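Colleague: Quick note on my numbering: the sequence shown kicks off at 74 and runs consecutively.
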Amino acid sequence: MCIRDRGSSGINAEYMGSDEVERQIEMRENPLLCQYYSFKFDYIYEESATQAFVYENTARAAVTSILEGYNASILAYGQTGTGKTYTMEGFQFLEGDAKRGIMPRCVEEVFGFVESWKSQKVAFGVKVSYLQIYNEVISDLLKGDRNNLQIREDKKRGISVEGLSEWVVNSPSEIYNLLRKGTNSRVTASNRLNDISSRSHAVFVMTVEQTSKEDDLTLIHICRCRRIERCRS
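#1: Would you call the CB atoms of G255 and L222 closer than 8 Å?
#2: By Cβ distance below 6 Å, which residues in the same chain neighbour S212 in space, the five residues on each side in sequence not counted?
#3: What residue does the alpha helix (DSSP H) around Q181 start on, and which one ends it?
#4: Going by DSSP in three states, E226 sits in which element: helix, strand or coil?
#5: Say whether the segment 178 to 190 touches the segment 243 to 252, bearing in mind that this needs 3 or more beta-carbon pairs closer than 8 Å, one atom from each stretch.
#6: Helix or strand or just coil, what does DSSP make of Q165?
#7: Going by CA-CA distance only, name the one from Y249, M279, E120 that's closest to G198.
#8: I need the straight-line Cα distance from A262 to T155, nearest angstrom please.
#9: How far does the alpha helix (DSSP H) with G255 in it extend, from its first residue to its last?
#10: Please report the straight-line C-alpha distance between S273 and L140, rounded to a whole angstrom.
#11: Give me the Cα-Cα distance between G231 and R225, rounded to the nearest whole angstrom.
#12: Assuming L252 contacts M176 under a Cβ cut-off of 8 Å, what Cβ separation, rounded to an integer in Å, is found between them?
#13: In the DSSP assignment, find the beta strand (DSSP E) that holds R219 and state where it starts and stops.
#14: In angstroms with no decimal places, state the Cα-to-Cα distance between R79 and Q124.
#15: With H, G and I counted as helix, E and B as strand and the rest as coil, what does DSSP make of K113?
#16: With respect to the alpha helix (DSSP H) encompassing A145, which residues constitute its N-terminal and C-terminal limits?
#17: What do you get for S189, buried or exposed, if any count of 16 or more other CB atoms within 10 angstroms of its CB means buried?
#18: Following the continuous alpha helix (DSSP H) through V127, name the residue where it begins and the one where it ends.
#19: Starting from the C-beta of V234, find all residues in its chain whose C-beta is less than 7 Å away, skip the five residues before and the five after it, and write them out in chain order.
What follows is the structure, given as structure tokens:
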């Protein structure tokens, strides 16, 4: 578990200042409102941390584990405006872009591995799915007509989303096109912390198949808006 500090850049400074003043007043007037805790984290990224460093130091191990036969998940959680979308996606899905996030870097890692095994005559297949959870309703971001999907569990597949589309892909560019399509379908809204804030939880699943093995990498972007009335959401 890691923390990434976005810093004050890109955040409404006036909002942050007034919120801090109000918080201090509340604490002085009623000290019992506040309790102090200490937590330990595996790593704390400063504002200057690059996208490449975050991926290599935290996410890459999860990606390589699925290539060794394990399932893995990478989850981003935090208040709106703290940089979850930037960390997971980056500003654009372009190979070689220094600001691309965890998701495109995962894709490149997987296809780099697949390419390295071609000379060994080992067959691989890659499939992806992309869903959102909004107001407790699951929707397929890649098939606009598939809404209100249900979570099922069976002995063969384990836990899955019934009716969720799976797309066979052969290159990173094909996945980037699907990611753009899904991202454009997500529910967004403006608030005082972020002009375009995701209002839904998003789950991107990439399945890598090799002969009889099938392993999943799940990337989750959880929207969190604490004290909603202050964000004007």
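Cβ atoms here follow ideal geometry from the backbone N, Cα and C, with glycine treated the same way.
The structure displayed is predicted, hence computed values, not measured ones.
Modeller: In brief:
#1: no
#2: Q205, N220
#3: As written in the sequence, residue 181 is Glu, which differs from the Gln given in the question. From DSSP, the alpha helix (DSSP H) with E181 extends over 175 to 189.
#4: strand
#5: yes
#6: coil
#7: M279
#8: Any answer about A262 is weak, because its pLDDT of 40 lies below 50 and its placement is not dependable; what the coordinates show is given next. Looking at the two C-alpha atoms, the distance is approximately 15 Å.
#9: 245 to 258
#10: 29 Å
#11: 8 Å
#12: 7 Å
#13: That residue, R219, is in no beta strand (DSSP E); it is neither H nor E in DSSP.
#14: 12 Å
#15: coil
#16: No alpha helix (DSSP H) holds A145; the beta strand (DSSP E) holding it covers 145 to 152.
#17: exposed
#18: 124 to 127
#19: L204, I211, L222, I224
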